[in-house]
Amino acid sequence: MRKKFIAGNWKMHKGGKEAIEIAKNVKEGIQDDKVDVMIAPPFTAIPDVGRTLEGGFVKLGAQNMHFEEQGAFTGEISPFFLLDFGVKFVILGHSERRKIFGEVDDLIAKKTAAALTFNLTPIVCVGETLSEREEGKTFDVIERELNTIIPLIDKKKIVFAYEPIWAIGTGKVATPETAVEVHKFIRGKLGDIGQDIRILYGGSVKPENAESLLKEEEIDGALVGGASLNPESFLSIISTARSV
Ligand code: PGA
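Going by this note's numbering, the first residue of the sequence shown is number 30, and it counts up by one from there.
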């Protein structure tokens, strides 16, 4: 049985006192580990959020990292630095990183390999644009994105997130049927180990649509953007994950 996992991606939102306040509220709202919960604040908030989460059930994540331990990489963050603050998960290959910052499959694979080396659990995002879906290319795109990652899969220590790009931040959530179809495709590509690997859905997950998605056995949780910035809505999604 795969345990449900609700991961919050704050993107470039919240710093300072606000970040601490949200983390504190989420921590207080989670009193056991029936569902895995993670929040990924911006890098600069990681130390404060990490301290705030200490002693609770909510895990700390990062939204990106470099693949080298150190070196002349201006503006980059080493996986090694993340470990100092108790980071356990790292989101890699998010469509915003791919599209806005030009990250390609090979780079994402290098980062995934480095995360595994440093004992960080990568959450690798895959997903198609609206035009790719309309042209019937969804599975080709996802297969291409998976191809460089599959050889790296290390037992269960990797999480995938299916994030259709047309659903991210748009309020247009994928139907459970659409998400399940793609999750099954991804799981099929992973081989036998696929049964143990969690595949999250991401893209406009909100308290109002969480149940219809999370009750699907194929959907092992959610990668939540906008709704993770508000402790009330994030906790509501977590509470749905507990009850389905
Ligand atoms: P959203 O973002 O929930 O705001 O659509 C999801 C994501 O980008 O991870």
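Cβ coordinates follow ideal geometry from the N, Cα and C atoms, glycine included.
### Contact test: residue 197 Cβ vs the ligand PGA heavy atom, cutoff 7 Å
At least one heavy atom of the ligand PGA is nearer than 7 Å to the Cβ of residue 197, so yes.
#### Entry: residue 64 versus residue 271: straight-line alpha-carbon distance, rounded
C-alpha separation (whole angstroms): 6 Å.
### Task
Would you mind sorting residue 180 into buried or exposed? The rule is 16 or more other CB atoms within 10 Å of its CB.
Exposed is the call here.
### Query
Where does residue 114 sit, in a helix, a strand or coil, going by DSSP?
Residue 114: coil per DSSP, three-state reduction.
### Task
Could you say which of 156, 178, 196 and 258 lies nearest to residue 220 if we only look at CA atoms?
The shortest C-alpha separation from residue 220 is found at 178.
### Message
Let's see if you can read the secondary structure: which residues bound the beta strand (DSSP E) around residue 89?
### Response
Residues 87-91.
### Query
Cα-Cα, which of 217, 120, 83 and 193 is closest to residue 163?
Comparing Cα-Cα distances from residue 163 to each of 217, 120, 83 and 193, the minimum goes to 193.
### Message
Am I right that residue 74 and residue 40 are in contact with their C-beta atoms under 8 Å? What's the rounded C-beta distance?
### Response
The pair is not a contact, with the Cβ atoms about 12 Å apart (cut-off 8 Å).
### Query
Roughly how many angstroms separate the alpha carbons of residue 30 and residue 227, rounded to a whole number?
Going by the C-alpha atoms only, they are around 10 Å apart.
### Query
What is the rounded straight-line gap between the Cα of residue 89 and the Cα of residue 61?
Computed Cα separation, rounded: 16 Å.
### Message
For a test of your reading of the model: does the CB of residue 42 fall under 7 Å from any non-hydrogen atom of the ligand PGA? Yes or no.
### Response
Residue 42: no, Cβ never under 7 Å from the ligand PGA.
### Message
Can you check which of these residues, 145, 86, 207 and 255, is closest to residue 9 by C-alpha distance?
### Response
As shown, the chain starts at 30 and ends at 273. That puts residue 9 outside it, with no answer to give.
### Message
Is any non-hydrogen atom of the ligand PGA found closer than 7 Å to the C-beta of residue 212, if you look at the structure I gave you?
### Response
No, the beta carbon of residue 212 sits no closer than 7 Å to any heavy atom of the ligand PGA.
### Task
Please go through the same chain and pick out, in chain order, the residues whose beta-carbon is closer than 6 Å to the beta-carbon of residue 115, but skip the five residues on each side of it.
The residues are 79 and 89.
#### Entry: Proximity of residue 33 and residue 249 at Cβ, strictly below 8 Å
Taking 8 Å as the Cβ cut-off, residue 33 and residue 249 qualify as a contacting pair.
### Task
State the CB to CB distance for the pair residue 207 and residue 243, rounded to an integer number of angstroms; the pair is presumed to be in contact (CB under 8 Å).
Not quite, the Cβ-Cβ distance comes to about 15 Å (not below 8 Å), so this is no contact.
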